[in-house]
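Please read the structure below before turning to the comments.
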Amino acid sequence: MLNSLSDIEAFIRVADTLNFTRAAAELHVTPTAVSKAVARLEHEINAKLFVRTTRQVQLTEEGELFRDRCVAAFAEISAGLEGIEVLRDQTTGPVRLSAPFILGRRLAASLPDLMGRHANLDLRLFLTDDYVDLAEDRIDIAIRIGAGRPSPTFEIPLVRLNWVTVASPRYLQQRGIPETVDGLTAHICHHFANTAGEVVPWQFKQGDGIRTIVPGGGAQFNQGELLVEVALADGGIAQVFDYMVRDELQNGNLIRLFADLEVDGPLVHAVLLPGREESPKIKATLHHLSALFEQL
5 MLNSLSDIEA FIRVADTLNF TRAAAELHVT PTAVSKAVAR LEHEINAKLF VRTTRQVQLT
65 EEGELFRDRC VAAFAEISAG LEGIEVLRDQ TTGPVRLSAP FILGRRLAAS LPDLMGRHAN
125 LDLRLFLTDD YVDLAEDRID IAIRIGAGRP SPTFEIPLVR LNWVTVASPR YLQQRGIPET
185 VDGLTAHICH HFANTAGEVV PWQFKQGDGI RTIVPGGGAQ FNQGELLVEV ALADGGIAQV
245 FDYMVRDELQ NGNLIRLFAD LEVDGPLVHA VLLPGREESP KIKATLHHLS ALFEQL
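Going from the sequence shown to my numbering is simple: count from 1 and add 4.
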């Protein structure tokens, strides 16, 4: 059974990369070993999984079907094997963590503390604003902001973010302080645009509801931290998450606008495949993340 698992892992790597040499490098084995593993698997299931030529490797129809079934199943089996390992330090091994860019600096700065408490953890942080498929991308924990796509995942709420609208004192001295939300039309307002190019509208309280607007005059950025930078550079007004500017507000480098009209932002949560939360190394990482986000 364990030999078959190794062959399946080799098949998944080749299916992901469509390259036997690259798959071998990721598995730290020789291309010949990967080729033999795939050949054994094809013989065992009596199906051709790849079409191989001197120039390219392609999955067959059977290979595509087999890969789709194997990816999630292999993750579950690996989690089960990991859970019964008897190790002196059970928080041993790799943890692949994915997060959006806007949380990258906070996470990166906190990881030495986690590694100091669990020296045998092999932490790997991947930053992306794209949707991450946990099984396909081999991610143990994905940090997501807001509602994600419906999927069979285990989710742990971490923190509720809040929106805050800010500008520098110098900018406001030059252009004046907007007295109302409608007054933003006379200002330079910068926005965040997601990976699909969609601008995230600003939100303000209005009666018992929420008013969303997209005031113009400024630029669009695909990384939220740049909104803080342009505001600090006296370049205009931005609406960002409060944790991003807490220090700048305290030291007076930025001014808070419309504080009485602020609304709650999206929920941040950790997402993982069902069953993975029982892994000791995943438990340790989740505990660290929960403590970290409580401080935001």
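Glycine residues also receive a C-beta, built at the ideal position from the N, C-alpha and C atoms.
The C-beta separation of K209 from V249 comes to about 19 Å, leaving the pair out of contact by the 8 Å criterion. The three-state reading of DSSP puts F78 in helix, counting H, G and I together. Only buried fits S172, as 16 or more other CB atoms lie within 10 angstroms of its CB. Within the same chain, Cβ atoms closer than 6 Å to the Cβ of E30 are found at R17, the five residues on either side in sequence being excluded.
When the beta-carbon positions are compared, V38 and A51 stay at least 8 Å from each other.
DSSP places T169 in the uninterrupted beta strand (DSSP E) bounded by 158–171. Counting C-beta atoms within 10 angstroms of its own C-beta, R142 has 16 or more neighbours from the protein chains shown and is therefore classed as buried. Look at A139 here: in three-state DSSP terms it is coil, with no helix or strand label. Within its own chain, the residues whose Cβ lies closer than 8 Å to the Cβ of M119, once the five positions on either side in sequence are excluded, are L125, L127, listed in chain order. Here T169 really is in contact with L261; their C-beta atoms are around 4 Å apart, less than 8 Å.
The Cβ-Cβ distance between L138 and V275 falls below 8 Å. In the structure shown, the three-state DSSP call for Q227 is coil. In this structure, the beta-carbon distance from R174 to D238 falls below 8 Å. A contact is defined here as three or more CB-CB pairs under 8 Å, and the stretch 97–106 meets this definition with respect to the stretch 275–294.
For the set E68, G67, S8, R71, the Cα lying nearest the Cα of A41 is the one of S8.
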